[in-house]
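Contents: one structure, followed by commentary.
Numbering (the UniProt record's numbering), first residue to last: 1 to 180.
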């Protein structure tokens, strides 16, 4: 936390969070998010929170959205999507939750910088969130099994070490012992 505090300057406007994180697999705890929320409030900063991997957290952990913490709803832009939870990569379908005044400004920006989601992707997204969530649970179980096999295998290779990711389907390998 001290390192983060030291990075804040008078020009800093926001803190960007990615939890669970691509590529490290780190998933912030509620306690860690409380500390970040307190810092954001102290320094009057917004938080942009990438929560695309919200459904992929392991070992009994829970995903916490920083926007759910006291005093954070009005200063957080939370970004969610369909690509990870519903295996809809390439569909480029996402949504955000933010204070209304920011949503209006973001909409203006996106009108001129992003291609809108096509109607097929929008219908598929609607079917995904309204339909059975069994597929999400099945994919999660497969990701968890792959995570365990991958980290076990990597840790058996001389010179490599890898902690089991807390979230996402990425493994961040430490190659320091290889001398590279």
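Beta carbons are placed, not taken as given, at the ideal position from N, Cα and C, and that holds for glycine.
Could you name the residues of the same chain whose beta carbon sits closer than 6 angstroms to that of residue 84, not counting the 5 residues immediately before and after it, in chain order? 52 and 53
Selection from 64, 11 and 92 that minimises the alpha carbon distance to residue 82: 92
Supposed contact pair residue 15 and residue 36 - C-beta distance, whole angstroms, cut 8 angstroms: 6 angstroms
Report the three-state DSSP secondary structure of residue 98 (helix, strand or coil). coil
Is the Cβ-Cβ distance between residue 140 and residue 55 less than 9 angstroms? yes
Decide if residue 147 is buried, meaning its Cβ has at least 16 other Cβ atoms within 10 Å, or exposed. buried
Ranges of the alpha helix (DSSP H) found wholly within the stretch 109-142, counting only runs of at least 4: 119-130
In the DSSP assignment, what are the bridge partners of residue 81? 94
For my contact list, residue 30 and residue 64 are in at a C-beta cut-off of 8 angstroms; report their separation, rounded to the angstrom. 5 angstroms
Same chain, Cβ closer than 8 angstroms to residue 73, neighbours up to 5 away in sequence not counted: 67 and 99
Exposure label - residue 166; buried when at least 16 CB within 10 Å: buried
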